[in-house]
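> Before anything else, here's the structure in question.
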Amino acid sequence: MKLKDEISGKYVEIGNYSPNLKIYVCGPTVYDKPHLGHLRTYVAYDAMVKYMRHRGRSVFYLQNITDIDDKIINRALETGQDPLALSRKYTLDYMDAMKYAGVDSVNYYAMATHHIKDIIKQIKRLEKKGFTYTLPDGVYFRVWMLKNYGRLKHQSPEEQKTGARAKVAELKEDQRDFVLWKFKKEGEPSWRSPWGEGRPGWHIEDTAISLSFFGSRFDLHGAGRDLLFPHNEAELSIMTALKNSENVCPAWSYTGMLKINGEKMSKSLNNFIPVDDVMQKYSREEVRYAFLSSLYPTDLDFSWNMLEESRKNISYIRRSYEKLEKHSQKGASVDVGSYRELLYRNMDDDFNTRIAISILMELASEIMKANSLDSESANEAKKLFDDANTFLGIIPEQKEKGIPEQSVESLLKLRELLRKKKLYPESDAIREALKNAGIIMEDGGNGTEWRRE
RNA sequence: GGAUAGGUGGCAGAGAGGUGAUGCGUGGGACUGCAGAUCCCAUUUACUAGGGUUCAAAUCCCUACCUAUCCUCCA
0 MKLKDEISGK YVEIGNYSPN LKIYVCGPTV YDKPHLGHLR TYVAYDAMVK
50 YMRHRGRSVF YLQNITDIDD KIINRALETG QDPLALSRKY TLDYMDAMKY
100 AGVDSVNYYA MATHHIKDII KQIKRLEKKG FTYTLPDGVY FRVWMLKNYG
150 RLKHQSPEEQ KTGARAKVAE LKEDQRDFVL WKFKKEGEPS WRSPWGEGRP
200 GWHIEDTAIS LSFFGSRFDL HGAGRDLLFP HNEAELSIMT ALKNSENVCP
250 AWSYTGMLKI NGEKMSKSLN NFIPVDDVMQ KYSREEVRYA FLSSLYPTDL
300 DFSWNMLEES RKNISYIRRS YEKLEKHSQK GASVDVGSYR ELLYRNMDDD
350 FNTRIAISIL MELASEIMKA NSLDSESANE AKKLFDDANT FLGIIPEQKE
400 KGIPEQSVES LLKLRELLRK KKLYPESDAI REALKNAGII MEDGGNGTEW
450 RRE
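For the first sequence, numbering that gives the first Met the number 0 begins at 0 and goes up steadily by one.
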């Protein structure tokens, strides 16, 4: 099982050090509603982790929630709310969004505000090693002490000139230095520390959490690509400084940005689609199918049509899945083993969910084309769909709610009688009524079949 | 300007030297009371442009053009 490490640009085997994998993924800053861009990233890591588990790895998947940050405070000030109440509200929204998308592989969500002690401990250790200095507004990290700052960003110190948005803080020793602890301002939430009342900087929140859970080594660090710099660069610096090692984590992976009309979907461009808006119209499976239909590291241009396509394809897969339940002893046999092998081979190759899905489509197509399947093939195919679904999560469960089966069967028989007497308006009325109740009737060559919507 | 990733059919989106990924859409046909679903056939010089390497290039190399992301807010 390999995955591309974006520091080296090379593929690394994951899970070779130990069968017990430790994975950390940067969570959101909860100051606004979750949007589809977040979902894209977390669905991708959800599928990866679930696939690893499916293939027998034990994974501890840790994710942080940044619930104290400038953005949260600013938003709270704008709207006259308590910052921590605001972040609590959006944390719950985020959890709802994850639940909707079927992202349930995370073992632990760590709130930054629950780890203030760890953060302070970590700053103390950095202080001892001489990596910190104090200014009137906070405690800073000394970047120049690390030769390889810029490693993740692939830029030499020469190239790290001040960017467009970089504020030049005259007092900082180096423009690249970042804040570890911010001193309290009027009306802001704060905690006690050896340096004075204040709150943590963004980057140290993540390293305090990841290292206090994982110790001196973990297997995979994931995030959206927009966090690569400065956030992950700073994380890497802190970890390097603390552990005297540049290899605390051997694999840094990134998800591509979700775009809309060719531009990144983001809060600052205000072109984002909140998860709420999609939740009403499309199912969990449809959204996952749409996202997993592209490769996780590439950008993906969102469109509503994408979700419509997903809907059709999922319906096709589900029909073929249902057909498997009607198999007979004799019939065509399908070489399910080769589908499974291809599926695993492509998932092992940097989690190619796009190919995985196309393999399932091909299997579905082969099933649909066959008049009947032998029971062994049918059982194996069913098992493959079930297995793939444990990590892809694109095949919906059959709903058993609504009108009982017996009632549907009786109405179906009644309709058959009416149709034989060519009383079509009456038979169509039954079909229409059942459709409104979530039952779809389809007349075929071998009589009428029905299914729940 | 710098770093990184790209440019593939009407559309979405894989592939990474050699047998048309997959899907959506469109056209035609089968089935059918209608609808729907399904099946069959077609959409067969698709790989930004120009050079180069090779028996063979969408894939490797060079040049140009274009796009996106980041360059201290962001998943």
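Backbone N, C-alpha and C define an ideal beta-carbon position, used for all residues, glycine too.
Just reading off the beta strand (DSSP E) that Q121 is part of, what are its end residues?
Premise fails: Q121 lies in the alpha helix (DSSP H), 115 to 127, not in any beta strand (DSSP E).
> Alpha carbon to alpha carbon, how far is D373 from E232? Give it in angstroms, no decimals.
Those two C-alpha atoms are separated by around 56 Å.
> Taking 8 Å as the threshold, find out whether the stretch 126 to 141 comes into contact with the stretch 168 to 180 through three or more Cβ pairs.
Flag = yes, the stretch 126 to 141 and the stretch 168 to 180 touch.
> Quick one: what's got a C-beta closer than 7 Å to D176's C-beta in the same chain, skipping five residues either side?
Correct list, in chain order: Y139, F140, R141, V142.
> Comparing alpha-carbon positions, which option in N312, L125, G446 lies nearest A207?
Ranking the options by Cα distance to A207, first place goes to L125.
> Exposed or buried, which one is W201 when buried takes at least 16 other CB atoms within 10 Å?
Burial call: buried.
> Could you please give the first and the last residue of the uninterrupted beta strand (DSSP E) stretch that includes E448?
E448 -> beta strand (DSSP E) spans 446 to 451.
> Quick check: what's the CA-CA separation for K400 versus N312?
Their Cα atoms are separated by approximately 23 Å.
> Would you kindly work out how many angstroms separate the C-alpha atoms of L91 and H114, rounded to a whole number?
Looking at the two C-alpha atoms, the distance is approximately 19 Å.
> If you follow the alpha helix (DSSP H) that A109 is in, where does it begin and where does it stop?
A109 -> not in any alpha helix (DSSP H); beta strand (DSSP E) instead, spanning 107 to 110.
> For the candidate residues E185, E204, D205, whose alpha-carbon lies nearest to that of E196?
When each option's Cα is compared against that of E196, the closest is E185.
> Nearest CA to the CA of T447: which residue from I22, Q154, S426?
Considering only alpha carbons, the answer is S426.
> For W303, count the other beta carbons within 10 Å of its own beta carbon; 16 or more makes it buried, fewer makes it exposed. Which is it?
That one is exposed.
> Tell me the start and end of each unbroken beta strand (DSSP E) in the stretch 346 to 381 that is at least 3 residues and wholly inside, in chain order.
Here no run is fully enclosed.
> I'd like to check one pair, P27 with P188: are the Cβ atoms closer than 8 Å?
Cβ atoms of P188 and P27: not closer than 8 Å.
> Assign F228 to one of three DSSP states: helix, strand, or coil.
Helix, per DSSP.
> How many angstroms separate the CA atom of M94 from the CA atom of K88?
C-alpha separation (whole angstroms): 10 Å.
> List the DSSP bridge partners of L20.
Answer is V58, bridged to L20.
> Given a cut-off of 8 Å on the beta-carbon distance, is the pair K434 and D218 in contact?
No, Cβ-Cβ distance for K434 and D218 is not below 8 Å.
> Whole angstroms are fine: how far does the CA of L226 sit from the CA of G162?
In this prediction, G162 scores a pLDDT of 48, lower than 50, which makes its location untrustworthy; no coordinate-derived value is stated.
> What residue does the alpha helix (DSSP H) around R430 start on, and which one ends it?
Here the alpha helix (DSSP H) through R430 covers 423 to 435.
> Is DSSP giving N312 helix, strand or coil here?
DSSP places N312 in helix when its eight states are reduced to three.
> Compare the Cα-Cα distances from G255 to each of L299, V407, D276, E245 and report the closest residue.
Selected option, being the one with the closest Cα: L299.
> How big is the Cα-Cα spacing for R414 and S282?
Taking the straight line joining both Cα atoms gives about 31 Å.
> Over what stretch of residues does the beta strand (DSSP E) that includes E415 continue unbroken?
Premise fails: E415 lies in the alpha helix (DSSP H), 404 to 419, not in any beta strand (DSSP E).
> Use the C-beta contact count for M367: other C-beta atoms within 10 angstroms, 16 or more gives buried, fewer gives exposed.
Exposed, because fewer than 16 other Cβ atoms sit within 10 Å of the Cβ of M367.
> Does DSSP classify G162 as helix, strand or coil?
Low local confidence applies: a pLDDT of 48 at G162 is under 50, so the model's placement there is unreliable, with the coordinate-based value given in what follows. Three-state DSSP puts G162 in coil, outside helix and strand.
> Looking at C-alpha atoms only, which residue of P229, T389, P18, K127 is the closest neighbour of D45?
Looking at the Cα atoms, T389 is the closest of the given residues.
> With 16 other CB atoms within 10 Å as the buried threshold, where does E77 fall?
Counting Cβ neighbours within 10 Å, E77 comes out exposed, since fewer than 16 surround it.
> Should L151 and L235 be called a contact, given that it needs their Cβ atoms to be closer than 8 Å?
For L151 and L235, yes; Cβs fall inside 8 Å.
> Under 8 Å by Cβ, that's how I've got A96 and L61 pegged, so tell me the actual separation to the nearest angstrom.
So it is not a contact: roughly 19 Å between Cβ atoms.
> Would you call the stretch 259 to 269 and the stretch 280 to 295 in contact, with 3 or more CB pairs under 8 Å?
Flag = no, the stretch 259 to 269 and the stretch 280 to 295 do not touch.
> Which residue wins for smallest C-alpha separation from P18, given the options Y295, K32, S57?
Of the candidates Y295, K32, S57, the one whose C-alpha sits nearest the C-alpha of P18 is S57.
> Apart from the five residues just before and just after K3, which ones in its own chain have a Cβ nearer than 6 Å to its Cβ?
Within the same chain, K3 has close Cβ partners Y10, D349.
> Where does A100 fall in DSSP's three states?
Reduced to three states, the DSSP call for A100 is coil.
> What's the gap between the Cα of I67 and the Cα of P33?
One C-alpha to the other measures close to 16 Å.
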